[in-house]
Amino acid sequence: KKKDRSLRLCIHYRTLNKNTIKNMYLIPLIVDLFERLGQDKYFTKMDIRKGYYQVQIADGDEQKTACVARYEAYEWFVMPFGLTNAPSTFCMLMNEILHPYFDQFVVEAPMKVTELRSFLGLANYYRMFISGYSAKASPLTELLKKNKSCVWSKECQGSFEGLKVAVIEELVLMLPDF
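Read left to right, the sequence shown gives residues 389 to 566 (the numbering used here).
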């Protein structure tokens, strides 16, 4: 049951998973990840949870995911949770799709108020590690005030560049040197 006491669809793929040849997706060692990240200056995070239900089942394999109900059978056309190879398939697909963007990072100046709020939200998360944060962010927060014209000035650009540098160069945010 869900928190709101409604029922949740639960399908057990035990028989299918038992007869499935397991894909091997190697998880990198944390030491290797720290070594690789130790050379980088810029980091990003993506929310790719919604992408999971975009992975289509291979043509002809839909009947393997069938759920038989009282009057008919239902087949998944996208990958459901519970399949043995689902996590490794998703990881391989995301690596394939995002490969051209690995090891690249670009932050452009925000063009909309929502983008500015998003950037300031990120910088604000690290405010305790950035000395003089409020002074550095002041020109940008002025743009968010009601009844004020939103004009991107040289002062705003300087503030934006200063916060970008502060977020990535503060010693507190560096990875530990093992």
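All residues carry an ideal CB built from backbone N, CA and C; glycine is no exception.
Quick caveat, the model's predicted, so the values are computed rather than measured.
Assign residue i to one of two classes, buried (16 or more other C-beta atoms within 10 Å of its C-beta) or exposed (fewer than that).
i    : result
T502 : exposed
L397 : exposed
L417 : exposed
V456 : exposed
S547 : buried
K542 : exposed
L504 : buried
K410 : exposed
A511 : buried
G532 : The residue you asked about is not Gly; residue 532 is Leu in the sequence shown. It counts as exposed.
Do you know how far the Cα of residue j is from the Cα of residue i?
i    : j    : result
P498 : M467 : 36 angstroms
T472 : T408 : 7 angstroms
S526 : E557 : 20 angstroms
T453 : I399 : 9 angstroms
R402 : G470 : 9 angstroms
D420 : D392 : 43 angstroms
R437 : G520 : 36 angstroms
V539 : V553 : 22 angstroms
F507 : M412 : 38 angstroms
C544 : N535 : 18 angstroms
H487 : E463 : 31 angstroms
State the start and end residues of the unbroken alpha helix (DSSP H) segment that holds residue i.
i    : result
P488 : Premise fails: P488 is in no alpha helix (DSSP H) and is neither H nor E.
Q545 : K542 to E557
R402 : R402 to K406
L530 : The sequence given here has Glu at residue 530, not Leu. Residues Y521 to E530.
V443 : It is not in any alpha helix (DSSP H) - V443 carries neither H nor E in the DSSP assignment.
K509 : Residue identity differs from the one stated: residue 509 is Gly in this sequence, not Lys. It spans V501 to Y513 - the alpha helix (DSSP H) in which G509 sits, taken as one unbroken run.
Meets three-Cβ-pair contact criterion under 8 angstroms: the stretch 473-486 and the stretch 436-447 = yes
ask   = Counting pairs of Cβ atoms below 8 angstroms between the stretch 512-527 and the stretch 482-491, do you hit three or more?
value = no
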